[in-house]
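Visitor:
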Amino acid sequence: MLDDSEGYVTTDGRKIGGVVMEMKNITLRFGGVVAIKDISFDIREGEIRAIIGPNGAGKSSMLNVISGFYVPQEGEVWFRGAKRPPMKPYEVARQGIARTFQNIALFEGMTVLDNVMTGRLTQMSQNIFTQALWKGKAEKEEVENREMAEKIIDFLEIQRIRKTPVSRLPYGLKKRVELARALVAEPKLLLLDEPMAGMNVEEKEDMSRFILDVNDEFGTTIALIEHDMGVVMDLSDRVVVMDYGKKIGDGTPDEVRRNQDVIDAYLGVAHD
Amino acid sequence: MPEQLIFAMEVTLNGLMAGVLYALVALGFVLIFKASGIFNFAQGVMALFAAMTLVGIMDGQVPFSHLINAIFGTDLHHFGWHIPALLAIVLTTGVMVGLAWCVQQFVMRHLVNQPPIILFMATIGLAYFLEGLSDLMWGSEIKNLDVGLPQGINLWIDEVTFNIFGYGFFIDNLDIVATIIAALLVVSLMAFSQYTKEGRAMRAVADDHQAALSVGISLNFIWVLVWSLAGFVALVAGIMWGTKSGVQFSLSLIALKALPVLMLGGFTSIPGAIVGGLIIGVGEQLFEFAIGAPYFGGATQNWFAYVLALIFLVFRPQGLFGEKIIERV
């Protein structure tokens with residue numbers, strides 16, 4: 001079923017499209033340490049793809065490769081049918097790949113609304129000179145950006161804190177603001193780095209709901225990292241499992257759950 | 001009204017005007033420090049370089065003429081034309097943008113993620129390099145700078161104050177113009193950072209590099225932009241100081257006066273730079289007038305600002321407007 005290049009249909013009846021992003025034989029080293037060893041997998045349009053694994057498995061490194069923060073020594077990254085040359089993170093972002101960070105990287109000095117508006121920077125065609133020359137056009141663009149920002153803010157239910165400086169918000173809300181900033185860019189691929197890390201049960205449930213809603217409402221392709229197995233299995237359509245920089249499993253949650261290597265990695269196994 | 005009080009008022013006004021010039025230099029520091037965490041020691045020399053370039057362009061001086069003549073045995077000094085002030089200012093702005101690009105491309109780009117002290121050392125190097133470059137390009141003699149700004153006593157104020165107090169205040173027209181221009185500059189910088197795409201990106205970079213990258217902002221571009229803005233502010237400061245006291249190498253020393261200004265105002269606040277500049281300007285004039293001259297034998301302006309800054313460092317290290325430093329344990 002998964003080999004079909006035309007996509008597949010999920011268990012809950014959603015249609016998944018063709019390949020958006022393909023990682024081919026990615027190897028990433030830091031000095032002598034191999035963080036990622038010869039990993040290949042793909043991400044398809046409209047799906048929620050998870051990368052899981054125990055701590056130190058290389059999940060975050062993989063996400064950083066996709067978003068351009070790390071450049072792999074070997075392997076190819078294909079995005080929307082074209083091989084991607086080595087790029088700076090901001091260039092990757094301009095291609096339509098938005099992300100959040102495990103440790104939250106928000107603009108602490110700005111309000112929630114301003115933070116979300118920065119997510120629209122990639123969408124703005126006007127610069128300072130054209131802004132001065134064609135005031136009307138620039139204003140129209142600003143209004144459109146504002147509307148999109150408000151739409152996302154409503155969607156993620158953070159209207160009440162729109163004007164609050166981010167530095168005053170609790171952790172869970174910060175995570176949501178970060179999601180809003182990534183989402184407002186209308187990304188072709190949304191990367192979430194441990195969206196549930198450090199949250200309590202209630203916040204985790206909220207976040208899961210938002211991720212599903214985003215995927216459902218906007219059809220956003222999402223790739224996320226988690227080490228909490230339970231959450232991921234409920235959320236994702238397909239799962240890549242990593243351990244010690246290697247891929248040890250890839251498939252639907254059910255397939256992965258039955259995979260002996262995966263069970264060993266998570267429960268530990270006596271090596272002889 | 002007692003005579004002493006009237007004199008004090010005049011001194012205060014003149015102090016405010018002097019403070020504006022300190023604030024202008026401090027402003028350049030704040031711009032770069034906010035966006036990149038670099039304390040740019042070269043800001044004062046940039047003002048010098050800008051002023052010298054402006055004079056050179058206006059007078060049609062041949063850049064590097066001494067060097068060229070020494071190598072080729074020629075006798076070039078002037079192109080023999082004069083360029084109107086406004087055009088020369090535009091051209092000099094272009095030169096400052098070019099300088100910003102060079103600084104980013106050849107120096108700062110290679111020092112990303114280095115500790116602040118390394119970056120600071122790099123700007124010290126830059127300061128001396130620029131000073132040498134200014135000398136080599138335009139020569140070291142003191143030059144007159146006249147871009148057509150009004151100078152001399154403001155007769156209107158003289159007359160009005162004379163009618164009220166029976167004593168005419170001496171306020172220089174140049175100081176008034178400097179104040180207006182500085183105010184315009186600050187307002188437009190604020191508007192720029194609040195309402196334009198580039199301004200928003202600049203604030204984003206100042207706040208968090210990683211996050212800025214993730215929303216598609218090129219750090220390199222923003223840093224060139226910031227150095228260009230600082231270069232432009234340096235040009236404005238250079239014009240004011242140059243018009244007032246001639247374009248000379250001691251101009252680069254005014255950068256040191258900006259240090260206490262920054263300690264008062266905070267390194268990250270544009271309003272802080274302005275208020276800090278005004279406080280230092282007024283403070284040193286008033287202190288000299290009321291205490292320095294009668295009791296210390298004068299010339300207290302040389303050290304007053306630093307002592308004030310020292311006191312501030314002890315009681316409010318983040319400055320008046322700076323972000324409070326809270327370290328989580």
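Protein chains in written order, with UniProt numbering: chain A, 1 to 272; chain B, 1 to 329. A virtual CB, placed ideally from N, CA and C, is assigned to each residue, including glycine.
Who are the Cβ neighbours of residue 6 of chain B in its own chain at under 8 Å, not counting the five residues just before and after it?
Guide: The residue labelled residue 6 of chain B in the question sits at position 6 within the second sequence. Once the five neighbours on either side are set aside, the close Cβ partners of residue 6 of chain B are 165 and 167.
Visitor: Compare the C-beta of residue 30 of chain A against all C-beta atoms of chain B and say whether one is closer than 9 Å.
Guide: Residue 30 of chain A sits at position 30 when you count from the first residue of the first sequence. Not one chain B Cβ lies under 9 Å of residue 30 of chain A.
Visitor: Using a Cβ-Cβ cut-off of less than 7 Å, list which residues of the region 205 to 232 of chain B approach chain A; keep chain order.
Guide: If you check each beta-carbon in the region 205 to 232 of chain B against every beta-carbon of chain A, the ones closer than 7 Å belong to 207, 208, 210, 211, 213, 214, 215, 216, 217 and 218.
Visitor: Are residue 282 of chain B and residue 19 of chain B close, meaning C-beta to C-beta below 9 Å?
Guide: Counting from 1 along the second sequence, the entry for residue 282 of chain B is found at position 282. Counting from 1 along the second sequence, the entry for residue 19 of chain B is found at position 19. Going by C-beta atoms, residue 282 of chain B is nearer than 9 Å to residue 19 of chain B.
Visitor: Below 7 Å on C-beta distance, what does residue 94 of chain A contact in chain B?
Guide: On the first sequence, position 94 is the one that residue 94 of chain A refers to. Within 7 Å Cβ-Cβ: 216.
Visitor: Taking 9 Å as the cut-off, decide whether the C-beta atoms of residue 98 of chain A and residue 181 of chain A are in contact.
Guide: What you label residue 98 of chain A is simply residue 98 of the first sequence in a count that begins at 1. What you label residue 181 of chain A is simply residue 181 of the first sequence in a count that begins at 1. Their beta carbons are under 9 Å apart, which means residue 98 of chain A touches residue 181 of chain A by this criterion.
Visitor: Might you give, ordered along the chain, the residues of its own chain that have their beta carbon closer than 7 Å to the beta carbon of residue 99 of chain B, omitting 5 neighbours on each side?
Guide: As a first step, residue 99 of chain B is located in the second sequence; it is residue number 99 there, counting from the start. Excluding positions up to five away in sequence, the list reads 231.
Visitor: Counting only Cβ-Cβ distances shorter than 8 Å, please list the residues of the region 105 to 126 of chain A near chain B, keeping chain order.
Guide: 105, 106, 107, 108, 109, 110, 114, 117, 118, 119, 121, 122, 124 and 126
Visitor: Under 8 Å between beta-carbons, which chain A residues line up against residue 201 of chain B? List them in chain order, please.
Guide: Residue numbering aside, residue 201 of chain B sits at position 201 when the second sequence is read from its first letter. The answer, in chain order, is 118 and 121.
Visitor: Going by other Cβ atoms of all chains shown within 10 Å of its Cβ, with 16 needed for buried, is residue 4 of chain A buried or exposed?
Guide: Locating residue 4 of chain A in the first sequence gives position 4, where the first residue counts as 1. Low per-residue confidence applies at residue 4 of chain A: pLDDT is 49, beneath 50, and the placement is therefore not dependable, though the value from the model is reported in the following sentence. With fewer than 16 Cβ atoms within 10 Å of its Cβ, residue 4 of chain A is classed as exposed.
Visitor: Run through the region 194 to 273 of chain B for me and flag every whole alpha helix (DSSP H) of 4 or more residues, listed as ranges in chain order.
Guide: Fully enclosed alpha helix (DSSP H) runs of 4 or longer: 197 to 207, 209 to 214, 219 to 245 and 254 to 265.
Visitor: Can residue 47 of chain B and residue 188 of chain B be called in contact, C-beta distance under 9 Å?
Guide: Here residue 47 of chain B is taken as the residue at index 47 of the second sequence, counted from 1. Here residue 188 of chain B is taken as the residue at index 188 of the second sequence, counted from 1. Not in contact: residue 47 of chain B and residue 188 of chain B (Cβ atoms no closer than 9 Å).
Visitor: Measuring only the C-alpha atoms, how far is residue 248 of chain B from residue 240 of chain B?
Guide: As a position in the second sequence, residue 248 of chain B is number 248, starting the count at 1. As a position in the second sequence, residue 240 of chain B is number 240, starting the count at 1. The alpha-carbon atoms of residue 248 of chain B and residue 240 of chain B are separated by roughly 13 Å.
Visitor: Is residue 224 of chain A closer than 9 Å to residue 57 of chain A when the C-beta atoms are compared?
Guide: Working through the first sequence from its first residue, we reach residue 57 of chain A at position 57. Working through the first sequence from its first residue, we reach residue 224 of chain A at position 224. Their beta carbons are not under 9 Å apart, which means residue 57 of chain A does not touch residue 224 of chain A by this criterion.
Visitor: What is the residue span of the beta strand (DSSP E) that residue 23 of chain A lies within?
Guide: As a working note, residue 23 of chain A is residue 23 in the first sequence. Taken as a continuous stretch (DSSP letters only), the beta strand (DSSP E) holding residue 23 of chain A covers 19 to 30.
Visitor: Determine whether the Cβ of residue 273 of chain A lies closer than 9 Å to any Cβ atom of chain B.
Guide: Outside the modelled stretch of chain A, which goes from 1 to 272, sits residue 273 of chain A, for which no answer is possible.
Visitor: What residues in its chain sit with their C-beta under 6 Å from that of residue 19 of chain A, if we drop five residues either side in the sequence?
Guide: Within the first sequence, the letter at position 19 stands for residue 19 of chain A. Correct list, in chain order: 42 and 44.
Visitor: Nearest by alpha-carbon distance to residue 183 of chain A: which of A/149, A/172, A/165 and A/229 is it?
Guide: Within the first sequence, the letter at position 183 stands for residue 183 of chain A. For the residues A/149, A/172, A/165 and A/229, the minimum Cα distance to residue 183 of chain A belongs to A/149.
Visitor: So, do the region 198 to 213 of chain B and the region 96 to 111 of chain A have three or more beta carbon pairs nearer to each other than 8 Å?
Guide: yes
Visitor: Can you tell me whether residue 2 of chain B is helix, strand or coil according to DSSP?
Guide: What you label residue 2 of chain B is simply residue 2 of the second sequence in a count that begins at 1. Note: residue 2 of chain B maps to coil in three-state DSSP.
Visitor: For residue 1 of chain A and residue 32 of chain B, I'd like the C-alpha separation in whole angstroms.
Guide: Along the first sequence, read from residue 1 onward, the residue named residue 1 of chain A stands at position 1. Along the second sequence, read from residue 1 onward, the residue named residue 32 of chain B stands at position 32. Residue confidence is low: residue 1 of chain A scores 39 on pLDDT, short of 50, so the model does not pin down where it sits. Its coordinate-derived value is still stated next. Distance between the alpha carbons of residue 1 of chain A and residue 32 of chain B: 56 Å.
Visitor: Under 6 Å Cβ to Cβ from residue 291 of chain B, same chain only, skipping five residues before and after it: list those, please.
Guide: Taking the second sequence and counting its residues from 1, one reaches residue 291 of chain B at position 291. Nothing meets the Cβ criterion.
Visitor: Does the region 299 to 318 of chain B come within contact of the region 251 to 267 of chain B, defined as at least 3 CB pairs closer than 8 Å?
Guide: yes
Visitor: Could you run through the region 44 to 67 of chain A and flag, in chain order, every residue whose CB is less than 8 Å away from some CB of chain B?
Guide: 67
Visitor: Who are the Cβ neighbours of residue 276 of chain A in its own chain at under 6 Å, not counting the five residues just before and after it?
Guide: The question about residue 276 of chain A has no answer here: the residues shown for chain A are numbered 1 through 272.
Visitor: Thinking just about the alpha-carbon of each residue, which of A/27, A/11 and A/16 is nearest to the one in residue 245 of chain A?
Guide: The sequence position of residue 245 of chain A within the first sequence is 245, counting from 1. When each option's Cα is compared against that of residue 245 of chain A, the closest is A/27.
Visitor: Give every residue of the same chain whose Cβ lies closer than 6 Å to the Cβ of residue 34 of chain A, excluding the five residues on either side of it in the sequence, and list them in chain order.
Guide: The residue you call residue 34 of chain A lines up with position 34 of the first sequence. So the list reads 245, once near-sequence residues are dropped.
Visitor: Since residue 174 of chain A is in the alpha helix (DSSP H), which residue starts that stretch and which ends it?
Guide: Working through the first sequence from its first residue, we reach residue 174 of chain A at position 174. Taken as a continuous stretch (DSSP letters only), the alpha helix (DSSP H) holding residue 174 of chain A covers 171 to 183.
Visitor: Do you know offhand how far residue 113 of chain B's Cα is from residue 34 of chain B's?
Guide: In the second sequence, counting from the first residue as 1, residue 113 of chain B sits at position 113. In the second sequence, counting from the first residue as 1, residue 34 of chain B sits at position 34. Rounded to whole angstroms, residue 113 of chain B to residue 34 of chain B spans 15 Å at the Cα level.
Visitor: Are there 16 or more other CB atoms within 10 angstroms of the CB of residue 67 of chain A, so buried, or fewer, so exposed?
Guide: For the purposes of this step, residue 67 of chain A is taken as the residue at position 67 of the first sequence. Buried: at least 16 other Cβ atoms inside 10 Å.
Visitor: What is the DSSP secondary structure of residue 8 of chain A, reduced to helix, strand or coil?
Guide: If you number the first sequence from 1, residue 8 of chain A lands on position 8. Residue state, collapsed to three classes: strand.
Visitor: Rounded to the nearest angstrom, how far is the Cβ of residue 28 of chain B from that of residue 43 of chain B, given a contact under 8 Å?
Guide: Here residue 28 of chain B refers to the residue found at position 28 when the second sequence is read from its first residue. Here residue 43 of chain B refers to the residue found at position 43 when the second sequence is read from its first residue. That belief holds up - the Cβ atoms of residue 28 of chain B and residue 43 of chain B are roughly 5 Å apart, short of 8 Å.
Visitor: How should residue 190 of chain B be labelled, buried or exposed, when 16 other C-beta atoms within 10 angstroms of its C-beta is the threshold for buried?
Guide: Your numbering for residue 190 of chain B matches position 190 in the second sequence. With fewer than 16 Cβ atoms within 10 Å of its Cβ, residue 190 of chain B is classed as exposed.
Visitor: To be precise: take each residue of the region 180 to 198 of chain A, compare its Cβ to all Cβ atoms of chain B, and keep it if any distance is under 8 Å. Which residues remain?
Guide: 181, 182 and 185
Visitor: May I ask you to verify whether the region 191 to 207 of chain A touches the region 216 to 231 of chain A, counting CB pairs closer than 8 Å and requiring at least 3?
Guide: yes
Visitor: Run through DSSP, which three-state label would residue 104 of chain B get?
Guide: By 1-based counting over the second sequence, the position of residue 104 of chain B is 104. The answer is helix: DSSP assigns residue 104 of chain B an H, G or I state.
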